[in-house]
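Read in order, the letters of the sequence shown correspond to residues 0 to 532 in numbering that gives the first Met the number 0.
Below is one structure, written out as C-alpha cells, with a few remarks after it.
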Amino acid sequence: MHCNSAHISSRVPWRLVILKSEAFVNRVPFCQTVLHIHTYSASLETFTSTMFWLATFLLLQCELFGAVSSGKVLAWPADTSHWLNLNIILEELVHKGHEVTVLVPSGSMKMDLKKDSLINAELFSVTYSKEQNEEVLNTFLSIWIYELSNASYWEIYVRLKEIMIDFQLLQKSTCDGVVKNKELLDKLKKGKFDVVVSDPLAICGELLAEILGVPFVYTFRFSMANSMERLCGHLPSPFSYVPGSMVELTDRMSFVERLKNTMFYLFQDVLVFRQFGKFWDGYFSESLGRPTSLCEVMGKAEIWLIRTYWDFEYPRPTLPNFEFVGGLHCTPAKPLPEVIWRYTGKRPDALGENTFMFEWIPQNDLLGHPKTKAFITHGGTNGIYEAIYHAVPMVGIPLFGDQPDNIVHMKTKGMAVMLDFNKMVTQDLVDAVNTVINNPTYKENALRISSIHHDQPIKPLDRAVFWIEFVMRHKGAKHLRPASHELTWYQYHCLDVIGFLLACMLTIIYIFVKVSTLCCRMCRRSRKKQKTQ
Numbered sequence: 000m001h002c003n004s005a006h007i008s009s010r011v012p013w014r015l016v017i018l019k020s021e022a023f024v025n026r027v028p029f030c031q032t033v034l035h036i037h038t039y040s041a042s043l044e045t046f047t048s049t050m051f052w053l054a055t056f057l058l059l060q061c062e063l064f065g066a067v068s069s070g071k072v073l074a075w076p077a078d079t080s081h082w083l084n085l086n087i088i089l090e091e092l093v094h095k096g097h098e099v100t101v102l103v104p105s106g107s108m109k110m111d112l113k114k115d116s117l118i119n120a121e122l123f124s125v126t127y128s129k130e131q132n133e134e135v136l137n138t139f140l141s142i143w144i145y146e147l148s149n150a151s152y153w154e155i156y157v158r159l160k161e162i163m164i165d166f167q168l169l170q171k172s173t174c175d176g177v178v179k180n181k182e183l184l185d186k187l188k189k190g191k192f193d194v195v196v197s198d199p200l201a202i203c204g205e206l207l208a209e210i211l212g213v214p215f216v217y218t219f220r221f222s223m224a225n226s227m228e229r230l231c232g233h234l235p236s237p238f239s240y241v242p243g244s245m246v247e248l249t250d251r252m253s254f255v256e257r258l259k260n261t262m263f264y265l266f267q268d269v270l271v272f273r274q275f276g277k278f279w280d281g282y283f284s285e286s287l288g289r290p291t292s293l294c295e296v297m298g299k300a301e302i303w304l305i306r307t308y309w310d311f312e313y314p315r316p317t318l319p320n321f322e323f324v325g326g327l328h329c330t331p332a333k334p335l336p337e338v339i340w341r342y343t344g345k346r347p348d349a350l351g352e353n354t355f356m357f358e359w360i361p362q363n364d365l366l367g368h369p370k371t372k373a374f375i376t377h378g379g380t381n382g383i384y385e386a387i388y389h390a391v392p393m394v395g396i397p398l399f400g401d402q403p404d405n406i407v408h409m410k411t412k413g414m415a416v417m418l419d420f421n422k423m424v425t426q427d428l429v430d431a432v433n434t435v436i437n438n439p440t441y442k443e444n445a446l447r448i449s450s451i452h453h454d455q456p457i458k459p460l461d462r463a464v465f466w467i468e469f470v471m472r473h474k475g476a477k478h479l480r481p482a483s484h485e486l487t488w489y490q491y492h493c494l495d496v497i498g499f500l501l502a503c504m505l506t507i508i509y510i511f512v513k514v515s516t517l518c519c520r521m522c523r524r525s526r527k528k529q530k531t532q
C-alpha cells in the first residue's frame, strides 16, 4: 500500500500535519508526510479539527497496513560475489520495511555488513578460518585458470573433484555451525521467520528452512550444466537446443555440438552431481530424522530467482516458479570524481579532496559515462549486465567458471569479441579493442540489447523483491510448483506409458501373426483335401 500526500484545496495558507512517532516512521517509512491542509477562514477551527482527525485516521490505516505487510526474512548467502548480489536484495527488503537477518559464518571472506546497515547479522562459529577459506578458493582459481584450458573432460573431472571435496568439507562445517548448534537453532525457531532466502550453491539454506518449517526462495546465477535447476527444480532443458551452462555453446547447434552438449549434461549428472548429492542425501536424512535427499528438499523451493534475463539468455522453456531477474544490481551512473584510485590500504593523509579511493572501482559509473566506448572484461555476470545496462560493447577475456560461457552469449548476440587468456598476445588485444570501437555493428547491437533490458514492466530488483514478499504474504507459492515433483523419473518421461503402448503393439502383432499362421495352416489343409478328392 502506498500512501501519497493527500491535498485538500482551499483558499488560505498551507498547514502540514506530520506524525512524529519514531516507531511509526520506522515501521512505515513511506507514510511520513501525509496530509497538506488548506483551511478556510470562515470555519477555521472546526475544519482544521475535522481534517486533523481525518489525517490521524489515515495515518493509523497506513500504520496498520504497513505493519501487516512487513515480514521477517532469514538469509543464508554464499560468499564473494554471490553475497554482493544477495545483499542488494536484502537492502531493498529492509527499505520496504522488512526485518532481515543474515547468518554469517566466522570464516566468511566477504560478508561484511556496513556499519550503517539495518540488516541484522547473526554470527556463528565454524571450524575453518577466513585464511583457510581463501586458500581453498585461490587453489580452485589457479587450477581452473592455468591447468584446465587444454585438459580433457576426464582430467577436468579428476582435478575438480579434488577441489570440490575441499569445498564440500567447508560447506559441511558451515552447516554444522547452525544445524548442530542447538542454542542458535532454538533462537532461530523463536524468531518466527516468514521466509528464508538462500543461494543453492551454499548448501544448507534449504535444510534450515525445512527444519524451521519456513518457505524458502532461491536466488543465484546457475549451477553447472543447470543440474540443480533441472534435476531438483524440474526446469525443462531439451538437450537439442538448450546448451548446458558452462559448455560454451549456443542454441543453434550442429550434430557434433548437440553430441557434445548431451555428453556434457550426462557427464555432469552421472559423474558429478550424483556423487556430490550422495553425501548431502545422508547429511539431510540424518539432520531431519527421516529418509530424504538433497534434490527432494531443493525441489521444495517456492521461487527460483535466476540472475539473468532474455537480453542474455537464449530462448528456452521455463516454469512459472522460475523468475529471471538479471541486472538487479544495475543503477544509473553517478557523476565521476576527477581521480579514481583502487586502493585497499590506509588513506594517505595528504590525499586531495578531488581524489576518491575505492576498494572496488565504481565500474557501473564508469560504464555509464558517455565517453566510455568499450569494456575489457573477464566476463563476470555482474560486469556483463552493467555493460548491457549502459549499452557498452565488450572485449571478453574469460578466466574461469561461467565467464567463457557468458562471453559466448554476448559474442553470439553481436556485442562482444572473445579472446583466449592463455593464447592471446598484445596485438590480439589491440585488434579486438579497435574492432569493438570502430565497427559500428557492436555499438548498435549493444544499444539493441540494452533497450530490451530496459523495456520491462517491472525492474529486476523490484521483481525479485515482489516474489519474496509474495511468498511471505501467501505462506509459499505452491500453485506455481509443477506436479512433476510428485512423479517418479519413469513417470516424468512417460516410460511406463511408452512401455504399455509397446506391450499393446507387440500383443497385437503377436495375435496378428498367430491368427495369420492359423489361417495359413487352415488354407493349406483345405487345399490338400481338395487335391485328394
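Using N, Cα and C, we set each Cβ at its ideal position, and we do this for glycine too.
The structure displayed is predicted, hence computed values, not measured ones.
Would you identify the three-state DSSP class for residue i, choosing helix, strand or coil?
i      : result
Trp279 : helix
Thr38  : For Thr38, the predicted structure reports a pLDDT of 36, less than 50, and the residue's modelled location is therefore unreliable. The matter cannot be settled from this model.
Thr539 : One cannot answer for residue 539 here, as it falls past the ends of the chain, which runs 0 to 532.
Leu517 : helix
Ile339 : strand
Met356 : strand
Arg447 : helix
Ala463 : helix
Arg472 : helix
Gln274 : helix
Val424 : coil
Asp454 : coil
Cys203 : coil
Gly298 : coil
Asn180 : coil
Using DSSP's beta-bridge definition, name the partner residues of residue i.
i      : result
Glu121 : Leu102
Lys71  : Glu98
Ser197 : Trp75, Tyr217
Glu322 : Leu304
Ala415 : Met393
Measure the alpha-carbon distance for residue i versus residue j and round it to whole angstroms.
i      : j      : result
Leu327 : Arg306 : 8 Å
Leu159 : Ser141 : 11 Å
His368 : Ala332 : 7 Å
Cys294 : Trp279 : 9 Å
Val93  : Tyr240 : 40 Å
Ser69  : Glu154 : 51 Å
Asn180 : Asn84  : 28 Å
Phe238 : Gly176 : 39 Å
Leu366 : Ala431 : 18 Å
Asp185 : Pro319 : 34 Å
Asp165 : Gln131 : 10 Å
Ser226 : Asp268 : 7 Å
Asn438 : Asn444 : 11 Å
Lys442 : Val296 : 45 Å
Ile339 : Phe139 : 31 Å
Leu222 : Asn433 : The question names Leu, but residue 222 in the sequence shown is Ser. Rounded to the nearest angstrom, the two C-alpha atoms are 35 Å apart.
Glu228 : Arg273 : 14 Å
Phe123 : Ala476 : 30 Å
Ile118 : Gly190 : 15 Å
Glu209 : Phe192 : 12 Å
Pro397 : Leu147 : 13 Å
Leu183 : Leu206 : 15 Å
Val213 : Glu301 : 10 Å
Asn421 : Ile375 : 16 Å
Glu247 : Ala77  : 25 Å
Arg524 : Ile508 : 24 Å
Assuming residue i contacts residue j under a Cβ cut-off of 8 Å, what Cβ separation, rounded to an integer in Å, is found between them?
i      : j      : result
Asn363 : Thr330 : 6 Å
Val135 : Leu169 : 6 Å
Gly106 : Val125 : 5 Å
Gly400 : Trp143 : 7 Å
Ser449 : Tyr384 : Between Tyr384 and Ser449 the Cβ distance is about 10 Å, and since that is not below 8 Å, they are no contact.
Val435 : Pro403 : Contact flag wrong, Cβ pair sits at about 18 Å.
Val470 : Val99  : Actually they do not touch by this definition, with Cβ atoms about 14 Å apart.
message: Within 8 Å, do at least three Cβ pairs link the region 199–206 to the region 246–261?
response: no
message: Taking 8 Å as the cut-off, does the region 413–432 touch the region 255–267 (at least 3 CB pairs, one atom from each stretch)?
response: no
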